[in-house]
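First residue of the sequence shown? That's 54 in my numbering, and the numbers climb one at a time after it. By construction, the Cβ of each residue, glycine as well, lies at the ideal position given by its N, Cα and C atoms. The structure under discussion appears below in the form of structure tokens.
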Amino acid sequence: MKRLIFSSIFCILLLLHTPSMEASAGILTSRPADPSLLSSLRQGGYILYVRHGEAIVGEDSPSLDFKDCSTQKNLSETGKRQAEKFGEALRSLQIPVQTPVLASPFCRTKQTAALAFGEDKVETDPFWVKIYNLSDSLPPAEQQGILNDFTSVLEELPQPKTNKVIIAHSFPQGIGLGEITNLGTVIVKPRGRGHGYEVVGRLTLDELTSLR
């Protein structure tokens, strides 16, 4: 019954293309950042889901090889500066980060993470390729399966007094965490395995760097 209810809600949301969502399964409303958010982040307990920096114009090659960056869209010079700025902002704001930082296998996500935190503090996680694939025309059942797995990942608590950082991809409008700007951050509060999660804020790179 729960699965039937969740599927019905999901289908309605797809039709409406609503960027802000509320559901008990973990795809929840994004709210304005609370003034005390920075203080909370400094105490840890959150997941920072971040889109990679700006990439060069073009498309990934049909013969994409994760080990060959020449087959992929890579970071532009602006994207590289954005990545460095992101890492500097977290350090300046004294926001503790769990290491290793997780990154999608794409070169642009791995490089974003490496420029922000150091290459030796980055771990590649192939799961995030599934999020990238949400932009394709997937069968509803496959899309739903990816979102279910995604919810499970965002339910997991980070290490005590730290925040987990994931560098990956944007979502299609109205799906999952919705569209995310380059180096935009979605701040997630996990509730533990099987208990969902809550989106407590969204910050652009400029908004992050302006926190005080």
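**Asked** Who are the Cβ neighbours of T267 in its own chain at under 7 Å, not counting the five residues just before and after it?
**Response** In the structure displayed, the chain extends from 54 to 265; residue 267 sits before or after that span and is not available.
**Item:** Cβ pair Q151, T204 closer than 7 Å
**Value:** Contact check for Q151 against T204 fails: the beta carbons are separated by 7 Å or more.
**Request:** Report yes if the C-beta of P225 is less than 6 Å from at least one heavy atom of the ligand GDP; otherwise report no.
**Result:** The ligand content of the structure shown is nil, which means the ligand GDP is not present either.
**Asked** Between T165 and A142, is the Cβ-Cβ spacing less than 7 Å?
**Response** It is not a contact, given that the beta carbons lie outside the stated cut-off.
**Asked** How should V110 be labelled, buried or exposed, when 16 other C-beta atoms within 10 angstroms of its C-beta is the threshold for buried?
**Response** Answer is exposed; the Cβ neighbour count stays below 16.
**Prompt:** Expressed to the nearest angstrom, what Euclidean distance is found between the alpha-carbon atoms of P193 and F180?
**Reply:** Whole-angstrom Cα-Cα distance: 18 Å.
**Message:** I believe I228 touches L191 by the beta-carbon criterion, under 8 Å. Please report the beta-carbon distance rounded to the nearest angstrom.
**Reply:** Contact between I228 and L191 does not hold, since their C-beta atoms are separated by about 10 Å, which reaches or exceeds 8 Å.
**Message:** Check this for me: beta carbons of L90 and G254, under 7 Å apart or not?
**Reply:** Between L90 and G254, the gap from beta carbon to beta carbon is short of 7 Å.
**Sequence-distant residues of the same chain with beta carbon closer than 6 Å to G97, five excluded per side** = Counting only Cβ-Cβ distances below 6 Å, and skipping sequence neighbours, we find P149, K214, T215 and N216.
**Request:** Look at the Cβ atom of V103, then the Cβ atom of I184, and state whether they are nearer than 7 Å.
**Result:** No, the Cβ-Cβ distance between V103 and I184 is not below 7 Å.
**Asked** By a C-beta neighbour count over all protein chains shown, 10 Å radius and 16 as the cutoff for buried, is K126 buried or exposed?
**Response** Residue burial is scored here from C-beta neighbours: K126 has at least 16 other C-beta atoms within 10 angstroms and is therefore classed as buried.
**Request:** Closer than 8 Å by C-beta to L207: which residues in its own chain qualify, once you throw out the five before and the five after it? Chain order, please.
**Result:** For L207, same chain residues with a beta-carbon under 8 Å away, outside a window of 5 residues either side, are G79, I100, Y102, V241, P243 and Y250 in chain order.
**Request:** Rounded to whole angstroms, what's the CA-CA distance from G132 to P211? Just pull it up for me.
**Result:** Each residue's alpha carbon lies about 27 Å from the other.
**Prompt:** With a CB to CB cut of under 7 Å and the five nearest residues on each side skipped, what residues in its chain are close to L146?
**Reply:** Its chain contains L91 and L264 as the residues whose beta carbon lies nearer than 7 Å to that of L146, once the 5 sequence neighbours on both sides are disregarded; these appear in chain order.
**Message:** For a quick check, are the C-beta atoms of E107 and S129 less than 7 Å apart?
**Reply:** Between E107 and S129, the CB-CB gap stays under 7 Å.
**Message:** Can you tell me whether S114 is buried or exposed? The criterion is at least 16 other CB atoms within 10 Å of its CB, across all chains shown.
**Reply:** So S114 ends up on the exposed side.
**Prompt:** Do you know offhand how far S83's Cα is from S223's?
**Reply:** Reliability of the predicted coordinates at S83 is poor, the pLDDT of 45 falling under 50, and the value obtained from them is presented with this limitation in mind. Straight through space, the alpha carbons of S223 and S83 are spaced by roughly 15 Å.
**Request:** Grab me the residues of L309's own chain with a C-beta within less than 8 Å of its C-beta, minus the 5 sequence neighbours each way, in chain order.
**Result:** Lying outside 54 to 265, the shown extent of the chain, residue 309 is not represented and no answer is given.
**Message:** I need the straight-line Cα distance from H105 to I199, nearest angstrom please.
**Reply:** If you take the alpha carbons of H105 and I199, they lie about 20 Å apart.
**Asked** Smallest Cα separation from K120: which of L94, R95, C160 and S93?
**Response** Comparing Cα-Cα distances from K120 to each of L94, R95, C160 and S93, the minimum goes to C160.
**Message:** Quick check: the Cα distance between N201 and E195, rounded to an integer number of angstroms?
**Reply:** Taken atom to atom, the span from the alpha-carbon of N201 to that of E195 is near 10 Å.
**Message:** Taking the alpha helix (DSSP H) that Y99 belongs to, which residues open and close that run?
**Reply:** Careful: Y99 lies outside any alpha helix (DSSP H) and carries neither H nor E.
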